[in-house]
Amino acid sequence: MEKLKICIVGFGWFGKMHYSVYKDMNNVEVIGVCDANENSFSSKQKSLQDEFHKDVSQNKDSLSGNIKIYTDVEKMLKELKPDLLDIVVPEDVHIDVALKGIEYGCDLIIEKPMTVNYKDAQKIEMEANKKGVHVYVGQVLRFDDRYRALEEMLQNTTKDEIRHITMERNFQSKSHLVYGRVHPAYSCLAHDIDLTLWLSKNKVKSVSAFANSFLNRTYPDNIVAVLELENGSLATLQNSWHIAQKCPYGFEFSSKIITNKDVFVIKNEPVIHNWSNDTVDYPELFFWPKINGKVKGALRNELEHYVQCALEKIESPILHLSEVVEIIKVANAIEDSINKKEKIIL
Numbered sequence: 535m536e537k538l539k540i541c542i543v544g545f546g547w548f549g550k551m552h553y554s555v556y557k558d559m560n561n562v563e564v565i566g567v568c569d570a571n572e573n574s575f576s577s578k579q580k581s582l583q584d585e586f587h588k589d590v591s592q593n594k595d596s597l598s599g600n601i602k603i604y605t606d607v608e609k610m611l612k613e614l615k616p617d618l619l620d621i622v623v624p625e626d627v628h629i630d631v632a633l634k635g636i637e638y639g640c641d642l643i644i645e646k647p648m649t650v651n652y653k654d655a656q657k658i659e660m661e662a663n664k665k666g667v668h669v670y671v672g673q674v675l676r677f678d679d680r681y682r683a684l685e686e687m688l689q690n691t692t693k694d695e696i697r698h699i700t701m702e703r704n705f706q707s708k709s710h711l712v713y714g715r716v717h718p719a720y721s722c723l724a725h726d727i728d729l730t731l732w733l734s735k736n737k738v739k740s741v742s743a744f745a746n747s748f749l750n751r752t753y754p755d756n757i758v759a760v761l762e763l764e765n766g767s768l769a770t771l772q773n774s775w776h777i778a779q780k781c782p783y784g785f786e787f788s789s790k791i792i793t794n795k796d797v798f799v800i801k802n803e804p805v806i807h808n809w810s811n812d813t814v815d816y817p818e819l820f821f822w823p824k825i826n827g828k829v830k831g832a833l834r835n836e837l838e839h840y841v842q843c844a845l846e847k848i849e850s851p852i853l854h855l856s857e858v859v860e861i862i863k864v865a866n867a868i869e870d871s872i873n874k875k876e877k878i879i880l
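Note that the numbering used here has the sequence shown beginning at 535, numbered continuously upward.
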């Protein structure tokens, strides 16, 4: 069986999660891992996510002995010449690492958001096309079985039949210490922008967004964005970083799509309730649960799909790069609307 040679750059909690998926795949060989922080290579290394993602600690597999470790990504690319570079670094350096990977002729997987700037997203698309490499982006909800099922249910619904969309995605305040390192338009709303574009089949005509900051940090902790779609309907995207610490998963979301004849609702409500004398537990079963020692769920679906696309040397039929560039365009417009306090026409 042909194996795809992969290097991972960024070995924080989510880089480790990617590695946990790859190590169980028969068509993948992880040949190198890079992180500027040498402590990241320890399976015992703690992360801030340990405090608000209760499933983080169970997905910290030790690196096997034949994987080479680097602190310099260019050195890794020069020496190992991977087929694919998996980019799981902080969002503001996605652009630099992606362009370096393209320079060395690698296909890329870039964790969401692709970039935090529309021009940078366009540049990655342009350079990838010039070099003839494929770029796959980790919009993980495209691979969530709940949304895959919903998309199938909406296949016979035309874009003109969409009447209203409401997306809400909220987190604990402590998670803003990590994900608030970039504007929530990219770290959070990129999910809901993608769902809106994908499920409605509409493009966005204009954006009016509002925000405030009770945490007094660089970026806001409450956002409401109203997207005017090309058929005249509205999509309302809401995000708050103030839910209580006892929320079952550390986050909560809901998605509602109203058409001229149907209403569809998805919520992240618990499937399994585990009550004991000491604790109440609600295991998360859709994103990256560990079952029988293996990471399952949407993340596995995503990485298995992208690996197969890279082996076949094709663009993903599930998520085209041009769609991802459009996500960043809308996210940029949300940020601009908040900063300029005006409607942004796209």
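Here a beta-carbon is modelled for each residue, glycine too, at the ideal position from N, C-alpha and C.
Assigned exposure category for residue i - 16 Cβ within 10 Å defines buried
i      : result
GLU803 : exposed
GLN706 : buried
ASN811 : exposed
GLU645 : buried
GLU686 : exposed
HIS776 : exposed
ASN600 : exposed
ALA683 : exposed
ILE542 : buried
SER576 : exposed
TRP809 : exposed
Other residues of its chain near residue i: CB distance less than 6 Å, five sequence neighbours each side excluded
i      : result
VAL864 : ILE727, VAL738
SER740 : GLU762, LYS877, ILE879
SER856 : none
ILE643 : ASP620, TYR670, TYR840
LYS665 : ILE636
ILE757 : PRO718, ALA745, ASN773
Cα-Cα separation between residue i and residue j, rounded to whole angstroms
i      : j      : result
ILE699 : ASP679 : 20 Å
ALA759 : LYS609 : 42 Å
LEU611 : LEU597 : 19 Å
GLN673 : ASN826 : 25 Å
LYS538 : SER850 : The identity of residue 538 in the sequence shown is Leu, whereas the question assumes Lys. Spanning the two alpha carbons is a distance of roughly 16 Å.
PRO718 : VAL712 : 11 Å
GLU818 : ARG834 : 14 Å
SER788 : VAL859 : 24 Å
PHE821 : THR692 : 29 Å
SER574 : ILE603 : 11 Å
THR752 : GLN689 : 41 Å
LYS634 : ASP617 : 14 Å
ALA832 : ASN736 : 24 Å
LYS657 : GLU702 : 30 Å
VAL562 : ASP626 : 28 Å
TYR638 : CYS568 : 16 Å
ILE868 : GLN772 : 12 Å
ALA655 : TYR553 : 25 Å
ALA745 : ASN765 : 26 Å
ASN663 : ASP641 : 11 Å
Other residues of its chain near residue i: CB distance less than 8 Å, five sequence neighbours each side excluded
i      : result
ASN651 : ILE629, ILE862, ASN866
ARG697 : SER767, ILE792, THR793, ASN794
LEU749 : SER707, HIS710, GLY714, ASP755, TRP775
ALA724 : LYS646, PRO647, GLN673, ILE861, ILE862, ALA865
Beta-carbon contacts of residue i that lie in its chain and below 7 Å, excluding the five residues immediately before and after
i      : result
ASN560 : MET535
SER742 : VAL760, SER871, LYS877
LYS828 : ASP558
HIS807 : TYR816
GLU836 : GLY672, VAL674, PHE677
Cβ-heavy atom distance, residue i to the ligand HEM, below 6 Å
i      : result
VAL623 : By its list of ligands, the structure shown contains no ligand whatsoever, and the ligand HEM lies outside what it can speak to.
Cutoff 7 Å: residue i Cβ touching any chain C Cβ
i      : result
ASP606 : In the structure shown, chain C does not exist; there is a single protein chain.
Three-way DSSP call (helix, strand, coil) for residue i in this model
i      : result
LEU614 : helix
SER576 : coil
SER740 : strand
LYS557 : coil
GLY546 : coil
ILE727 : helix
VAL627 : helix
LEU711 : helix
ALA570 : coil
TYR753 : coil
LYS539 : strand
LYS602 : strand
GLU608 : helix
LEU619 : strand
LEU880 : coil
Mind pulling the alpha helix (DSSP H) runs of 4 or more residues that sit fully within the stretch 633–708? 652–665, 679–687
Fully enclosed by the stretch 765–804, which beta strand (DSSP E) runs are 3 residues long or longer? 768–777, 785–793, 797–801
Would you mind listing the alpha helix (DSSP H) stretches within the stretch 817–873 that are 4+ residues and don't spill past its ends, in chain order? 831–846
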